[in-house]
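Peer 1: This structure is in structure tokens; I'll ask about it shortly.
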């Protein structure tokens, strides 16, 4: 079976949720659960001020677009392309282009599972970036942001610094 990728589908403005519902109904009716895995309308929380009061509402990140995780073949292309409200896939001509890992990361779609060989309280050394060759003790690990907060000695005081997992290794 081919690999599933995320694709972007262009829709009529305001039809994003209808397109999502129509595709999900078609998946169910045609038993395409193995080929079309997920349909998303990316949303974000936005704080608005109305009549002097703050209100948090959800707005579409990309009005007029829907994200679909699917195995691209003639059947799935046809089903999505001929869904009411869909104007086409994003890509040159009629050839859909899958999203790259870098494009998906800010959307929160896929988080790389990174294994680290240190824990809170361990001593690590920074191997890249502005703090290169700095040795510090891990105070906090944030897996979702892929960062570690370490204490470094600056001007005779312990100062917390947030460092990416890619920039550190365990001190031996």
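Residue numbers (the working numbering): 806 to 977.
Even glycine gets a Cβ: it sits at the ideal position worked out from N, Cα and C.
1) Please identify the residue among 834, 963, 923 whose C-alpha is closest to the C-alpha of residue 951.
2) Identify whether residue 867 lies in helix, strand or coil by the three-state DSSP scheme.
3) Can you give the beta carbon distance from residue 940 to residue 930, rounded, assuming they're within the 8 Å contact cut?
4) Please look up how many angstroms separate the CB atoms of residue 890 and residue 812, rounded, as I've assumed it's under 8 Å.
5) Under the three-state reduction of DSSP, which class applies to residue 916: helix, strand or coil?
6) Answer with buried or exposed for residue 821, where buried requires no fewer than 16 other C-beta atoms within 10 angstroms of its C-beta.
7) Would you mind giving the Cβ-Cβ distance between residue 840 and residue 876, rounded to the nearest angstrom? I have them listed as a contact below 8 Å.
8) Going residue by residue through the stretch 891-972, where are the continuous beta strand (DSSP E) segments of at least 3 residues, counting only ones entirely within it?
9) Less than 8 Å separating the beta-carbons of residue 955 and residue 925?
10) Please go through the same chain and pick out, in chain order, the residues whose beta-carbon is closer than 7 Å to the beta-carbon of residue 976, but skip the five residues on each side of it.
11) The alpha helix (DSSP H) with residue 886 in it runs from where to where?
12) Looking at the structure shown, is residue 854 part of a helix, part of a strand, or coil, going by DSSP?
13) In whole angstroms, what separates the C-alpha of residue 888 from that of residue 835?
14) Below 8 Å on the Cβ atoms is my contact criterion, and I expect residue 828 with residue 851 to pass it. Report the Cβ-Cβ distance as a whole number of Å.
15) Going straight from the alpha carbon of residue 965 to that of residue 826, what length do you get?
16) First and last residue of the beta strand (DSSP E) that includes residue 824?
17) Residue 846 and residue 871 - do their beta-carbons sit closer together than 8 Å?
18) Following the continuous beta strand (DSSP E) through residue 814, name the residue where it begins and the one where it ends.
Peer 2: According to the structure data:
1) Reading the chain shown from its first residue, position 146 is the one you call residue 951. Ranking the options by Cα distance to residue 951, first place goes to 923.
2) Position 62 of the chain shown, counted from the first residue, corresponds to residue 867. Coil.
3) On the chain shown, position 135 is the one that residue 940 refers to. On the chain shown, position 125 is the one that residue 930 refers to. About 5 Å separates the two Cβ atoms, so the contact holds.
4) Position 85 of the chain shown, counting from 1, holds the residue named residue 890. Position 7 of the chain shown, counting from 1, holds the residue named residue 812. The Cβ separation is near 16 Å, so there is no contact.
5) Indexing the chain shown from 1 puts residue 916 at position 111. Because residue 916 carries a pLDDT of 44, less than 50, the predicted location of this residue cannot be relied on, and the following value inherits that uncertainty. Reduced to three states, the DSSP call for residue 916 is coil.
6) Reading the chain shown from its first residue, position 16 is the one you call residue 821. Buried: at least 16 other Cβ atoms inside 10 Å.
7) Locating residue 840 in the chain shown gives position 35, counting from the first residue. Locating residue 876 in the chain shown gives position 71, counting from the first residue. The pair is a contact, with the Cβ atoms about 5 Å apart (cut-off 8 Å).
8) 891-894, 928-931, 940-947, 952-959, 962-969
9) Counting from one through the chain shown, the residue named residue 955 turns up at place 150. Counting from one through the chain shown, the residue named residue 925 turns up at place 120. It is not a contact, given that the beta carbons lie outside the stated cut-off.
10) Locating residue 976 in the chain shown gives position 171, where the first residue counts as 1. So the list reads 928, 929, 930, 940, once near-sequence residues are dropped.
11) Walking along the chain shown from the start, residue 886 turns up at place 81. Its alpha helix (DSSP H) spans residues 879-886.
12) Residue mapping note: residue 854 aligns to position 49 of the chain shown, counting from 1. Residue state, collapsed to three classes: strand.
13) Position 83 of the chain shown, counted from the start, is the residue given in the question as residue 888. Position 30 of the chain shown, counted from the start, is the residue given in the question as residue 835. Taking the straight line joining both Cα atoms gives about 13 Å.
14) Looking up residue 828 in the chain shown gives position 23. Looking up residue 851 in the chain shown gives position 46. Rounded, the Cβ-Cβ distance is 26 Å, inconsistent with contact.
15) The residue labelled residue 965 in the question sits at position 160 within the chain shown. The residue labelled residue 826 in the question sits at position 21 within the chain shown. In a straight line, the C-alpha of residue 965 is about 47 Å away from that of residue 826.
16) Against the chain shown, residue 824 aligns to sequence position 19. Here residue 824 belongs to no beta strand (DSSP E); instead the alpha helix (DSSP H) covers 821-835.
17) Translated into positions along the chain shown, residue 871 becomes position 66. Translated into positions along the chain shown, residue 846 becomes position 41. The answer is yes: Cβ separation under 8 Å.
18) Translated into positions along the chain shown, residue 814 becomes position 9. Its beta strand (DSSP E) spans residues 810-816.
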